[in-house]
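Undergrad:
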Amino acid sequence: MDAKQIIVKDLQGATYTLTEKIGEGGQGTVLKTDHANLVVKITNKLSEGQLKEVRKQFQNVMRLPLRDLKIALPLSLLQLKNRTGYVMELMDGLEPLSSQIERMYTPEGQLDIIKYRDTGSFSRRLLILKELAGTLAKLHGKGLAFGDLSPHNIFVSTSIEHHQVWLIDADNIHYAEQSNQHHFYTKGYAAPELIRNETGTNIQTDAWSFAVIALQLLTHTHPFNHGIAVEDEDPDIAEEQAARGEFPWVFDVEDDSNEIAVKGFPVFEMLNKRLFNLFQRCFGSSRLAEKLHDRPTMAEWHDELNRTFSLVLLCQEKNCRSSFIVNQRLNCPFCNTLQGKTEYLRLRYWGYDQDPLMAEQPWFASSEQVFLSLGQEKAVYHASHSSFDNEQSQPWFRIALTDDGLKITPEEGDHAILQNVDGSKSYTLHKPQILKNHQKGDKDLLITHASLQMNSEKTHSFFWRFSW
48 MDAKQIIVKD
58 LQGATYTLTE
68 KIGEGGQGTV
78 LKTDHANLVV
88 KITNKLSEGQ
98 LKEVRKQFQN
108 VMRLPLRDLK
118 IALPLSLLQL
128 KNRTGYVMEL
138 MDGLEPLSSQ
148 IERMYTPEGQ
158 LDIIKYRDTG
168 SFSRRLLILK
178 ELAGTLAKLH
188 GKGLAFGDLS
198 PHNIFVSTSI
208 EHHQVWLIDA
218 DNIHYAEQSN
228 QHHFYTKGYA
238 APELIRNETG
248 TNIQTDAWSF
258 AVIALQLLTH
268 THPFNHGIAV
278 EDEDPDIAEE
288 QAARGEFPWV
298 FDVEDDSNEI
308 AVKGFPVFEM
318 LNKRLFNLFQ
328 RCFGSSRLAE
338 KLHDRPTMAE
348 WHDELNRTFS
358 LVLLCQEKNC
368 RSSFIVNQRL
378 NCPFCNTLQG
388 KTEYLRLRYW
398 GYDQDPLMAE
408 QPWFASSEQV
418 FLSLGQEKAV
428 YHASHSSFDN
438 EQSQPWFRIA
448 LTDDGLKITP
458 EEGDHAILQN
468 VDGSKSYTLH
478 KPQILKNHQK
488 GDKDLLITHA
498 SLQMNSEKTH
508 SFFWRFSW
């Protein structure tokens with residue numbers, strides 16, 4: 048549909064001049080209007096019977112309790128001939144995720160590692176996926192499925208300084224038990240059971256689509272296309288077979304018969320074991336009907352992406368400056384530069400048990416860690432990785448590794464307690480404090496909070512422990 052000089056009206060009589068097409072899919076077109084932060088979706092031409100059904104679906108979605116989610120929901124329906132549509136609210140400064148993915152390639156179709164770095168590298172992509180996973184997990188928690196998830200209906204911040212994520216095309220949202228009534232999908236992102244006509248779109252098919260998008264965004268690799276088995280067959284037939292789950296995925300650790308046939312990012316070096324295992328469970332196991340239960344949920348994805356972000360380092364090689372997940376060798380997978388001992392800091396969450404039965408070994412370590420590179424700042428929350436609402440809560444302190452030393456900044460009105468391991472020296476911080484580089488002596492120090500200390504009701508204390 049051409050947006051030029053077209054004016055549409057909604058059922059309340061408000062008019063909207065269409066100014067620019069910002070998205071297009073199999074069901075219709077999304078366009079900007081002359082109203083700030085308002086866009087419209089207009090369907091393709093439909094029969095009278097189809098119009099009735101689609102309008103009913105739009106009205107059903109308008110009644111859903113979803114205003115707390117980052118989903119652009121229908122506000123009012125449009126008056127159109129042979130088509131239907133609706134007005135929705137969408138912030139300025141957003142663009143389709145598909146546009147950002149497409150810009151990573153040169154005119155010759157080669158992946159550009161410099162563009163990957165300059166658009167936020169690995170860390171921004173993790174944050175985008177975490178936001179998306181959180182929205183989908185909340186949606187699924189209400190018993191609802193999104194229906195047709197693809198990079199075309201995921202809108203993200205244009206600025207690399209931000210990672211806002213909004214979903215559009217909400218008209219396919221439906222209750223999970225209505226799965227068999229909804230079958231629309233985007234090629235390349237549909238779950239195998241959907242292609243095999245075993246089900247309609249549901250919560251599990253959403254999770255598959257998310258995993259495809261996550262692998263594509265992080266590594267610019269599709270889980271099945273460009274594998275050697277697919278490349279050796281007739282392209283049309285092979286892609287259909289792959290979509291049905293008849294080939295292993297390109298990084299399958301149990302079956303390499305469809306291993307990746309093209310050179311790309313060092314995927315095994317980019318993903319840590321825990322994150323890779325989620326992809327393996329999704330594409331390796333749950334592509335098969337009998338192992339559908341292995342597919343990770345959106346809550347699992349959100350938890351792991353949140354945890355992974357705490358492990359991201361910033362490469363200190365001046366010509367690289369890419370972000371990556373910490374690994375045993377402490378080398379950047381993009382340039383292979385080893386990170387120096389003074390260029391990063393590791394904090395680990397420890398507990399102390401005052402129970403007399405634990406007197407010989409009162410300290411115990413958790414798996415929670417934060418890695419910090421020179422030039423990075425990270426926020427630390429009370430409830431690590433356990434909430435979908437970190438964006439609504441406040442961290443209790445921020446920590447930054449600078450050229451001057453380690454800067455610890457309590458949030459306004461809050462505090463952090465800095466102490467040595469035996470507790471003989473303790474300082475309560477209400478304002479920023481810098482541990483200078485010349486104070487380094489490889490001593491173990493602890494950061495804690497009054498609420499994390501033992502009292503009459505609990506025998507445990509908890510600390511972030513690091514060496515300085």
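Our numbering applies: residue 48 is where the sequence shown begins, and numbers increase by one.
From the three backbone atoms N, C-alpha and C, an ideal C-beta is built for every residue, glycine too.
#1: Does the Cβ-Cβ distance between Q480 and I464 come in under 7 Å?
#2: Buried or exposed, going by whether 16 or more other CB atoms sit within 10 Å of the CB of N366?
#3: Starting from the Cα of T64, find the closest Cα among G70, L58, K79, G75 and give me that residue.
#4: Considering only DSSP beta bridges, list what I455 is partnered with.
#5: At least one CB of chain B closer than 7 Å to the CB of E316: is that the case?
#6: Could you please give me the residues that DSSP links to H507 through a beta bridge?
#7: Among E306, V259, Q401, which one has its Cα closest to the Cα of V277?
#8: Closer than 8 Å by C-beta to G526: which residues in its own chain qualify, once you throw out the five before and the five after it? Chain order, please.
#9: Between the C-alpha atoms of L499 and L137, what's the straight-line distance to the nearest angstrom?
#10: Go ahead and label T389 buried or exposed: buried means 16 or more other beta carbons lie within 10 angstroms of its beta carbon, across all protein chains shown.
#11: How would you call F315, buried or exposed, if buried means at least 16 neighbouring beta carbons within 10 angstroms?
#12: For the alpha helix (DSSP H) that A47 lies in, which residues bound it at each end?
#13: Could you tell me the distance, in whole angstroms, from the CA atom of G132 to the CA atom of F169?
#14: Enumerate in chain order the residues of its own chain whose CB-to-CB distance from V259 is below 8 Å, with the five nearest sequence positions on each side excluded.
#15: Ignore the nearest five residues each way along the sequence and tell me which others in R164's own chain have a CB closer than 6 Å to its CB.
#16: With 16 as the cutoff for other CB atoms within 10 Å, does A83 come out buried or exposed?
#17: Within 10 angstroms of its Cβ, does Y399 collect 16 or more other Cβ (buried), or is it exposed?
#18: For the alpha helix (DSSP H) holding V101, just list the boundary residues, first then last.
#19: Within 10 angstroms of the Cβ of T252, are there 16 or more other Cβ atoms? Answer buried if so, exposed if not.
#20: Just curious, the alpha helix (DSSP H) that W348 is in, first and last residue?
#21: Applying the 10 Å Cβ sphere with the 16-neighbour rule, what's the burial state of V359?
#22: For H349, I'd like the list of residues in its chain whose CB is within less than 8 Å of its CB, leaving aside the five on either flank, ordered along the chain.
#23: In this structure, does DSSP put Y474 in helix, strand or coil?
#24: Give me the Cβ distance between N272 and A254, rounded to the nearest whole Å; I'm assuming they're in contact under 8 Å.
TA: From the atom records:
#1: no
#2: exposed
#3: K79
#4: I446, Q480
#5: The structure shown has no chain B; it contains just one protein chain.
#6: D400
#7: E306
#8: With the chain covering 48 to 515 only, the question about residue 526 has no answer from this structure.
#9: 41 Å
#10: exposed
#11: exposed
#12: As displayed, the chain neither begins before 48 nor continues past 515, which places residue 47 out of reach and without an answer.
#13: 37 Å
#14: G235, Y236, H269, P270
#15: S369
#16: exposed
#17: buried
#18: 95 to 109
#19: buried
#20: 345 to 356
#21: buried
#22: K177, A180, G181, A184, F435
#23: strand
#24: Actually they do not touch by this definition, with Cβ atoms about 20 Å apart.
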